[in-house]
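Visitor: First, the structure itself, so that you have it in front of you.
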Amino acid sequence: MARAAGPDWFRLNRVTHRDVGYFVAVLTVLYAVSGLAVNHTDDWNPTYAITTAEVELGPVDVTDLNAAEAQIVAALKLDPAEVRGHHHVSPTELKVFLDEGGEVSVDPATGHGRLKRVTPRAGLFQANALHLNRLKGVWTYVADAYAVLLLYLSIGGILMLRGKTGLLGRGKWIVAAGALVPIGFLWAW
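Residue numbering for the sequence shown is 0 to 188, as defined by numbering that gives the first Met the number 0.
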């Protein structure tokens with residue numbers, strides 16, 4: 000029996016699936032790398048590198064806190080533009096706050112302290128900003144469109160093949176096994 004005239008939906012799905020896959024490939028890699036990074040926030044900070052160093056400045060006069068801040072900034076050769084303020088926490092601690100959450104903590108009497116630097120991780124900072132939608136605005140719609148394209152790729156992929164290797168054949172068992180993974184974890188949780 001001859002096939003009825005009209006579009007070949009399976010062929011159209013394969014061609015569209017391929018092209019949509021090419022279109023979202025880079026964003027998928029970016030989201031995958033970012034996802035791997037943010038899945039392990041208990042082990043490390045995937046967005047920022049945090050370093051600390053012991054510093055010796057000599058005694059710091061805290062009778063004028065602005066002058067004390069300037070003394071610390073000069074002694075450590077910090078850029079004054081990155082200074083966000085200071086706080087005399089206690090007689091044994093003066094803090095100077097820096098960009099991105101960095102800080103200098105000094106015991107004014109001894110001048111012994113700690114410099115904490117917080118710097119964005121190249122590549123991951125940007126990937127995480129996109130993945131976690133920190134950009135908001137128009138990016139929200141781009142991310143929504145990406146999610147819709149991923150839905151299409153999933154559903155289109157499931158429906159791509161016919162017969163014993165398609166969804167009604169062995170495909171149903173593979174889809175069921177894939178569904179059991181999140182269901183099993185949610186059930187155990």
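Cβ atoms here follow ideal geometry from the backbone N, Cα and C, with glycine treated the same way. Being a predicted model, the structure only gives us computed values, none of them experimental.
#1: The beta strand (DSSP E) with G112 in it runs from where to where?
#2: Taking C-alpha atoms, which residue in H111, V72 and T109 lies nearest to F96?
#3: Leaving aside the five residues before and after V61 along the sequence, list all residues of the same chain whose C-beta is less than 7 Å from its C-beta, in chain order.
#4: Which partner residues of S89 appear in the DSSP bridge assignment?
#5: Determine, using beta carbons only, whether T164 and R116 come nearer to each other than 8 Å.
#6: Bridge partners for A52 per DSSP, in chain order?
#7: Going by the DSSP bridge assignment, what does Y47 pair with across the sheet?
#8: From this set, Y21, W8 and K135, which residue's C-alpha is nearest L148's C-alpha?
#9: If I266 and L166 are in contact, beta carbons under 8 Å, what's the gap, nearest whole angstrom?
#10: Could you check which residue in R83, L77, T109 and L185 has the C-alpha nearest to that of L56?
#11: Taking the beta strand (DSSP E) that V19 falls in, what are its first and last residues?
#12: State yes or no: is the C-beta of V103 nearer than 7 Å to some heavy atom of the ligand ZN?
#13: Kindly indicate which three-state DSSP category V59 falls into: helix, strand or coil?
#14: So, with DSSP's three-state summary, where would you put L97?
#15: Checking 8 Å against the spacing of the C-beta atoms, do A24 and L123 come in under that value?
Guide: Straight from the coordinates:
#1: H111 to P119
#2: V72
#3: A67, H87, L93 and P107
#4: Paired residues: E92.
#5: no
#6: According to DSSP, A52 bridges with L114.
#7: P119
#8: Y21
#9: This structure cannot speak to residue 266, because the chain is shown only from 0 to 188.
#10: Closest by alpha carbon: T109.
#11: Not the beta strand (DSSP E): V19 falls in the alpha helix (DSSP H), residues W8 to V37.
#12: With respect to small molecules bound, the structure shown includes none, and the ligand ZN cannot be examined in it.
#13: coil
#14: strand
#15: no
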